[in-house]
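First residue of the sequence shown? That's 407 in this note's numbering, and the numbers climb one at a time after it.
All C-beta atoms, glycine included, are put in the ideal place defined by N, C-alpha and C.
Just so it is clear, the structure is predicted and the values come from calculations on it, not from any experiment.
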Amino acid sequence: MAKQPRGPSLVIKRSTMIAGRKTTVSLEDAFWKAFKEIAATKGVPVSSLVSMIDSERQNINLSSAIRVFVLGFYRDQA
């Protein structure tokens, strides 16, 4: 397993459209990269995957919902 660099995690803010409205999502770089990989694997745009997660989340902010989605995707792969 590759070692991850230690130190502060860089949080990146990205804007996306959900149901015709612009929203900002803040995720660590590693989560953005993993999320984009998942979207590519599924053959869907990142914005579509964000919309799907947004429509299914309950009582959790969107950034956290994306992190949980990424974690679940890779846990299912293991």
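How is the beta strand (DSSP E) around L433 delimited, first residue to last? The residue labelled residue 433 in the question sits at position 27 within the sequence shown. Taken as a continuous stretch (DSSP letters only), the beta strand (DSSP E) holding L433 covers R427 to E434.
Distance, Cα to Cα, V467 vs M458? One-based indexing of the sequence shown puts residue 467 at position 61. One-based indexing of the sequence shown puts residue 458 at position 52. Reading the sequence as shown, one finds Asn at residue 467 and not Val. Their Cα atoms are separated by approximately 14 Å.
I418 and V456 - do their beta-carbons sit closer together than 8 Å? Mapped onto the sequence shown, residue 456 falls at position 50. Mapped onto the sequence shown, residue 418 falls at position 12. Going by C-beta atoms, V456 is not nearer than 8 Å to I418.
Rounding to the nearest angstrom, what Cα-Cα distance links I472 and F441 in this structure? Locating residue 472 in the sequence shown gives position 66, where the first residue counts as 1. Locating residue 441 in the sequence shown gives position 35, where the first residue counts as 1. Cα-Cα distance, rounded: 8 Å.
Just curious, the alpha helix (DSSP H) that I459 is in, first and last residue? If you number the sequence shown from 1, residue 459 lands on position 53. Here the alpha helix (DSSP H) through I459 covers V452 to E462.
Output the distance between the C-alpha atoms of V450 and F479, rounded to the nearest integer angstrom. Counting from 1 along the sequence shown, the entry for residue 450 is found at position 44. Counting from 1 along the sequence shown, the entry for residue 479 is found at position 73. Cα to Cα, V450 sits roughly 15 Å from F479.
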